[in-house]
Amino acid sequence: MIRISLALALSVSLVGLAHAASAWTGGDDLPTNPLACDATPASATSKPYDGGAVTGAPDRKGKPIKVVDVPKLIGIGYFNATSKGIADAAKELGNVDAKTDGPTKANIDEQITFIDNYITSGVDGILYAANDPVAIAPVLKKALSKGINVVGYDANSTPDSRQWFVNQAEFNGIAKAMVDNMVKESGEDAGVAIVTSTFTTPNQARWIAEMGAYAAKCHPKLKLLETVEAQEDNALSFSQATTLINKYGSDLKGIFGMTSVATPASAEAVTQAGQCGKVAVIGLATPNAMKPYVAKDCVKSVVLWNPVDLGYAAMQVLRATADGSLKPGDTKVKAGKLGELNVINGSEVLLGSPFVFTKENIDKFDF
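Dropping the structure here:
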């Protein structure tokens, strides 16, 4: 992501979704690329490498390397899962010493401090999931200038501040899955609300923008009532969802949860309000967090990917970067047990398509 303009975002409505309360949508102002309304796949467009360049890196090919993973925050199920994937890949590779460390809340200033401290103490590689794409860029560029390989995952930074970004699923694919499942459950002309993390978190802002574009194209009667910020905080997410339920009453037919914290908290709010079957909850969450709500038919669709695989892929990409086997201009990269992954958008590695967990399949997964 190049930038997120809060000033502009605060002044425009989510394209294609009518709104009854706030002009703020939680989306960014970057160009959107909505997928076809049916299942027609989009054609991939080749783009030149737009990632950053490491300066003065030593020859690390096949040599032991020390890697730190600094996610948005530690201590929640989602990033516990990505950390497990990173550790699994490091163990499989055999020549990587990897650890996860970071803030206990989604705070960009604290995340920057953690990264800066590891630059000073000395590491060969940094993995990160950005709390803010622009604010994190200077410290990542500092790492590149010190010869440290830098790979992002989950939430991107400005492309020139890292070498590669492992994208869990393309933003427009997530958007289509979210909106289609919401319409399936709540109807074409439903009033919906969004519970997101922060207004500058890059992946959520991108998903919301793409959701608006896709809804405008394929489900133009869907109405956005309000978007609220809830950090990555369970209590605040529950409170915000409860406020939406009370505020909009029967006009609210669905809540989008944009984080692995917001979605189960919104489902709990719907449950406690006695609105199961009346207010649909569609969101991004880990299956273990959603199993109780899916079992009770309060939630029918959970959209995600496998975060263990995401962390695993990120570690494999960093190792390939350090070895020089992944270079600008490459179209694929070998990622261990995941096979070959495609390089898209110049400097992104795509994990795959989003996955929808339902009552029929959710018990097959444990993370």
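If you count by mature numbering (1 follows the signal peptide of the UniProt record, and there is no 0), then the sequence shown holds residues -20 to -1, 1 to 347, one letter each, in order.
Note that the Cβ used here is the ideal one computed from N, Cα and C, for glycine as well.
Identify, in the order they occur along the chain, each residue of the same chain with its Cβ nearer than 6 Å to the Cβ of residue i, setting aside the five sequence neighbours on each side.
i, result
"Ser327", "Tyr29, Asp30, Gly31, Pro139 and Trp144"
"Gly80", "For the record, residue 80 in the displayed sequence is Thr; it is not Gly. Counting only Cβ-Cβ distances below 6 Å, and skipping sequence neighbours, we find Asp49 and Ser63."
"Gln220", "Val175, Val208 and Ala210"
"Met(-20)", "Because Met(-20) sits at a pLDDT of 31, beneath the cut-off of 50, its placement in the model cannot be relied upon, and the point is left open."
"Thr223", "none"
"Pro287", "Tyr58, Ala61 and Thr62"
"Asn111", "Lys52, Ala86, Ile88 and Gln91"
Grab me the residues of residue i's own chain with a C-beta within less than 7 Å of its C-beta, minus the 5 sequence neighbours each way, in chain order.
i, result
"Ala1", "Interpretation of Ala1 is limited by its pLDDT of 40, a score under 50 that renders its predicted location unreliable; the figure taken from the coordinates is listed afterwards. If we look at Ala1 and ignore the five residues flanking it on each side, its Cβ neighbours are Leu205 and Glu206."
"Lys201", "Glu168 and Asp169"
"Phe94", "Val50, Asp81, Gly82 and Pro83"
"Asp289", "Gly65, Leu318 and Leu331"
Count the other C-beta atoms from every protein chain shown that fall within 10 angstroms of the C-beta of residue i, then say buried if there are 16 or more, exposed otherwise.
i, result
"Cys198", "buried"
"Lys156", "buried"
"Lys271", "buried"
"Ala19", "exposed"
"Ala16", "exposed"
"Ala215", "exposed"
"Ala33", "exposed"
"Thr180", "buried"
"Lys307", "exposed"
Less than 7 Å separating the beta-carbons of residue i and residue j?
i, j, result
"Asn325", "Lys27", "yes"
"Gly127", "Arg142", "no"
"Val297", "Val329", "yes"
"Ser217", "Ala193", "no"
"Ala294", "Gly105", "no"
"Ala115", "Ile88", "yes"
"Asn152", "Asn13", "yes"
Apart from the five residues on each side of it in sequence, which residues of its chain come closer than 8 Å, Cβ to Cβ, to residue i?
i, result
"Asp77", "Pro44, Ile45, Lys46, Val47 and Ala70"
"Asp96", "Val119 and Lys122"
"Lys339", "Val274, Ala275, Asp277 and Lys280"
Next item on the list: Taking only runs that begin and end inside the segment 165 to 204, name each unbroken alpha helix (DSSP H) of 4 or more residues, in chain order.
Entry: 182 to 198
Next item on the list: Please list the segments of the alpha helix (DSSP H) lying wholly inside the segment 69 to 119, counting only runs of 4 or more residues, in order along the chain.
Entry: 88 to 101
Checklist line | Cβ contact check for the segment 184 to 199 and the segment 283 to 294: 3 or more pairs under 8 Å | finding: At 8 Å Cβ cutoff, the stretches do not touch.
Check: Below 8 Å, can you find three or more Cβ-Cβ pairs linking the segment 232 to 248 to the segment 256 to 274?
Finding: Taking a cut-off of 8 Å for Cβ pairs, the segment 232 to 248 and the segment 256 to 274 touch, as three or more such pairs fall below it.
Checklist line | Every unbroken alpha helix (DSSP H) inside the segment 247 to 334 [4 residues or more] | finding: 267 to 275 and 287 to 303
Checklist line | Three or more C-beta pairs below 8 Å linking the segment 307 to 319 and the segment 333 to 340 | finding: no
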